[in-house]
């Protein structure tokens, strides 16, 4: 799992007309960045103000009305226009912020109001921004992330404006100061030294499409519908290699014709490619499951000042999220999107993490199922580190911590076992990511599963209760009140791939997410065939109400800390969480039993 963080994001502005109040402060948990020289005051920066939206207090209730199978409104998904009208800021909010900006020297003509009404954007100098925010901007660097960033440790807003603003970019969240070199982390690749059979007998150290069919009890696909291609997210520059796909299909998925390729849907496209093997892995896992159904390749780039690669994707798929981007509403979203990238929650201010999480909620309202990989570093950060003075406070992922997304963890089939035997949490090469958000509280649909986990399988670590990313200094190392993840899991180790013409195996939750997403996509085809409305939208309420459709994973832990396959131990000083009976923060509810999952998801 991977993602290059180019921006960390969030901020707001301030005016002297009324009392200035602190709006955001960089927390101690945002460790690793070193403050450098002051930013030249004549440096021009693009500024985005995130306006407070309406009805977010009721967002989960609104989503559950169309996502809970017990609701009479199940499946009655929103249109894009309905989403905009439901969450657009109050007119008074827009007027208050605009008036403040104009009163402080920002030309009214230069202020743009986004299509969804939730953002104001303009460009100004750093000096002017410092005056507006009563802040001082500096350059920042990070020992493991290339590039220079600009931001501030604290900023203020007028008291008359603060209640109308979520944040402003850039400020507490850092923005890239100029073009950033983006180096894609490579997924692991272990060459195959001998010829393999395509049959399931090659399992468990060579997971082929035949293995997956035997493990999760499904047959080759036969259905196709023009409305139901599977969407797969790729980072800009990471491109599948068609000759690799052809070679893989020829040997391991002969029912897939040579030349089978996704429809390309570039977003904020950038030139150049890098080979990390990620795209080949995604398509080698997903296509043999869903064929003859097609796929869409969302290859997404981010502008140099963008917080993450997910912003451009959201803008391109959901016009309700757009600002003034030329990519606004460029594509109609697929019913299912698989994402094998992510980053750490502490890389972002809580205000930004919540804002982006709410945008995934809006996709769910529109009938889109989003499945993401839970990470490959157990309870540690991507750098294998934990937080706190003792380096033992767990680091949740930003996407896994969002309660509006289905997070997918990784399992392995133990050496010496056969398809159909019990899997474990990954115990070799890497640890499946999982834990509890420090920003988002546990959602109602999950509370019963979490209560059972804590009452019957308490992990034995001292905990704390928090929201908004503030980690108390009471000695606790995880947030007992947080949203737990992953929700489900699928095999994530020794998947057979072809990369640059070489056969080998790979792994990571980057393998797991497209497997689970492909199965959900197939179920939607079955729903279409049966005459039911196709899209399932947000999956979690149904999944948590039906734990019996999963193969429960009851062994394994998170003792490994790294995704690169060297089996280094986590640097957090413990083994993280363990897989236990029922839901757990390593494998979630378990791996899919396809016939049972199909039966449940066809009912509604």
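In mature numbering (1 follows the signal peptide of the UniProt record, and there is no 0), the protein residues as written are -17 to -1, 1 to 587.
All C-beta atoms in this analysis are idealised placements derived from N, C-alpha and C, irrespective of residue type, glycine included.
Fair warning: this is a prediction, and the values are worked out from it, not measured in the lab.
For the beta strand (DSSP E) that residue i lies in, which residues bound it at each end?
i, result
"residue 105", "102 to 108"
"residue 149", "148 to 152"
"residue 171", "Element bounds for residue 171: n/a, residue is neither H nor E."
"residue 270", "Unbroken run through residue 270 is the alpha helix (DSSP H), 261 to 273; no beta strand (DSSP E)."
"residue 33", "27 to 34"
"residue 390", "389 to 395"
"residue 216", "213 to 218"
"residue 125", "121 to 125"
"residue 209", "No beta strand (DSSP E) contains residue 209, which DSSP labels as neither H nor E."
"residue 283", "278 to 283"
"residue 19", "17 to 21"
What residue does the alpha helix (DSSP H) around residue i start on, and which one ends it?
i, result
"residue 86", "74 to 86"
"residue 234", "225 to 235"
"residue 43", "42 to 50"
"residue 430", "427 to 439"
"residue 63", "63 to 70"
"residue 580", "577 to 586"
"residue 3", "Element bounds for residue 3: not the alpha helix (DSSP H) but the beta strand (DSSP E), 3 to 8."
"residue 528", "523 to 528"
"residue 143", "142 to 145"
"residue 424", "Looking at the DSSP string, residue 424 is not in any alpha helix (DSSP H); the run it does join, the beta strand (DSSP E), is 418 to 424."
"residue 601", "Nothing can be reported for residue 601, as the shown portion of the chain is limited to -17 through 587."
Suppose the cutoff is 7 Å on Cβ atoms and the five residues either side in sequence are ignored; what does the same chain contact list for residue i look like?
i, result
"residue 495", "356, 391, 392, 393, 472, 473, 474 and 475"
"residue 397", "187 and 407"
"residue 108", "24, 25, 26 and 27"
"residue 249", "282"
"residue 467", "419, 425, 429, 433 and 568"
"residue 110", "24 and 25"
Excluding the 5 residues flanking residue i on each side, which residues of the same chain have their C-beta closer than 6 Å to its C-beta?
i, result
"residue 198", "402"
"residue 516", "58"
"residue 500", "319, 321 and 354"
"residue 548", "Residue confidence is low: residue 548 scores 42 on pLDDT, short of 50, so the model does not pin down where it sits. No coordinate-derived value is stated."
"residue 525", "52"
"residue 143", "1"
"residue 201", "577"
"residue 231", "267 and 481"
Please report the straight-line C-alpha distance between residue i and residue j, rounded to a whole angstrom.
i, j, result
"residue 498", "residue 19", "44 Å"
"residue 235", "residue 193", "8 Å"
"residue 325", "residue 380", "7 Å"
"residue 22", "residue 6", "21 Å"
"residue 314", "residue 377", "37 Å"
"residue 260", "residue 233", "19 Å"
"residue 588", "residue 458", "Residue coverage of the chain in this structure runs from -17 to 587, which leaves residue 588 outside it and unanswerable."
"residue 150", "residue 29", "14 Å"
"residue 166", "residue 220", "At residue 166, the pLDDT of 41 sits below 50, so the modelled position is not reliable; the number obtained from the coordinates is stated separately. Approximately 9 Å, taken between the alpha carbons."
"residue 460", "residue 425", "17 Å"
"residue 51", "residue 486", "43 Å"
"residue 521", "residue 382", "15 Å"
"residue 96", "residue 214", "30 Å"
"residue 66", "residue 338", "15 Å"
"residue 541", "residue 365", "14 Å"
"residue 450", "residue 42", "17 Å"
"residue 164", "residue 137", "For residue 164, the pLDDT reaches just 38, beneath the cut-off of 50, and the residue's location in the model is therefore unreliable, leaving the point undetermined."
"residue 242", "residue 503", "24 Å"
"residue 93", "residue 293", "26 Å"
"residue 575", "residue 296", "28 Å"
"residue 255", "residue 491", "Confidence at residue 255 is low in this model, with a pLDDT of 48, below 50, so its placement is unreliable and the value that follows should be read with caution. The straight-line gap from Cα to Cα measures roughly 25 Å."
"residue 454", "residue 420", "11 Å"
"residue 288", "residue 583", "The predicted position of residue 288 is uncertain, since its pLDDT is 44 and thus under 50; no value can be drawn from it."
"residue 9", "residue 478", "41 Å"
Could you tell me whether any Cβ in chain C is nearer than 8 Å to the Cβ of residue i?
i, result
"residue 198", "Absent here is chain C; the protein component of the structure consists of one chain."
Sorted by chain position, which residues of the same chain lie with C-beta nearer than 8 Å to residue i's C-beta, five sequence neighbours on each side aside?
i, result
"residue 278", "212, 213, 214, 215, 245, 246, 266, 269 and 270"
"residue 585", "506, 509, 510, 513 and 515"
"residue 317", "211, 212, 213, 214, 279 and 351"
"residue 79", "143, 144 and 147"
"residue 31", "102, 103, 104, 151, 152 and 306"
For this session: Go through the stretch 307 to 358 residue by residue and report every complete run of the beta strand (DSSP E) that reaches 3 residues or more, in order.
Result: 319 to 322 and 352 to 356
For this session: Report yes or no: do the stretch 358 to 374 and the stretch 59 to 79 share at least 3 C-beta pairs separated by less than 8 Å?
Result: no
Problem set entry | the stretch 77 to 91 contacting the stretch 47 to 64, beta-carbon criterion three pairs below 8 Å | no
For this session: Ignoring anything shorter than 3 residues or poking outside the stretch 427 to 501, list the beta strand (DSSP E) runs there in chain order.
Result: 465 to 468, 471 to 474, 476 to 482 and 485 to 490
Exercise. Do the stretch 340 to 351 and the stretch 427 to 435 make contact, defined as three or more Cβ pairs closer than 8 Å?
Worked result: no
Exercise. Okay, do the stretch 558 to 570 and the stretch 525 to 537 touch, 3+ Cβ pairs below 8 Å being the bar?
Worked result: yes
Exercise. Is the stretch 204 to 212 close to the stretch 272 to 279, with three or more CB pairs under 8 Å?
Worked result: yes
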